[in-house]
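Novice: Please see the structure below; I have some questions.
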Amino acid sequence: MAEQIRLSVGVGDDAQTLARDAEESLYRLQHDFESQRSEMQSLRQSHDAYRTQVRDLSQKLGAQRPPPQKKQKTSRYAPVTTP
């Protein structure tokens, strides 16, 4: 009986250790995710600023750019026809 209690206590300790490790990993991953999210936002802002600068310089220099073309929808599958 005492051995069963010791085993169950050991299992409880292992479970607590695993839970604590998982919680620490979760917090670390959340922190990393938030850091990457803010870095991505910063990169988007920089990219938008560069695009604005390029557009402004192109207009000042009189460069003619073709209008953006509409993307065509394509499919890998053959069209389905109903009789």
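Per our numbering, residue 837 is the first one in the sequence shown, and the count goes up by one each step. For glycine and all other residues, C-beta sits at the position ideal for the given N, C-alpha and C. In this text, all values refer to a predicted model and were calculated from it rather than measured experimentally.
For Ser-894, collect the residues of the same chain with a Cβ closer than 8 Å to its Cβ; drop the 5 residues on either side in sequence, then sort them by chain order.
Specialist: The sequence position of residue 894 within the sequence shown is 58, counting from 1. The residues are Arg-901.
Novice: Under three-state DSSP, which class holds Gln-872?
Specialist: Here residue 872 corresponds to residue number 36 of the sequence shown, with the count starting at 1. The answer is helix: DSSP assigns Gln-872 an H, G or I state.
Novice: Alpha carbon to alpha carbon, what distance is there between Ala-899 and Asp-892?
Specialist: Residue mapping note: residue 892 aligns to position 56 of the sequence shown, counting from 1. Residue mapping note: residue 899 aligns to position 63 of the sequence shown, counting from 1. If you take the alpha carbons of Asp-892 and Ala-899, they lie about 10 Å apart.
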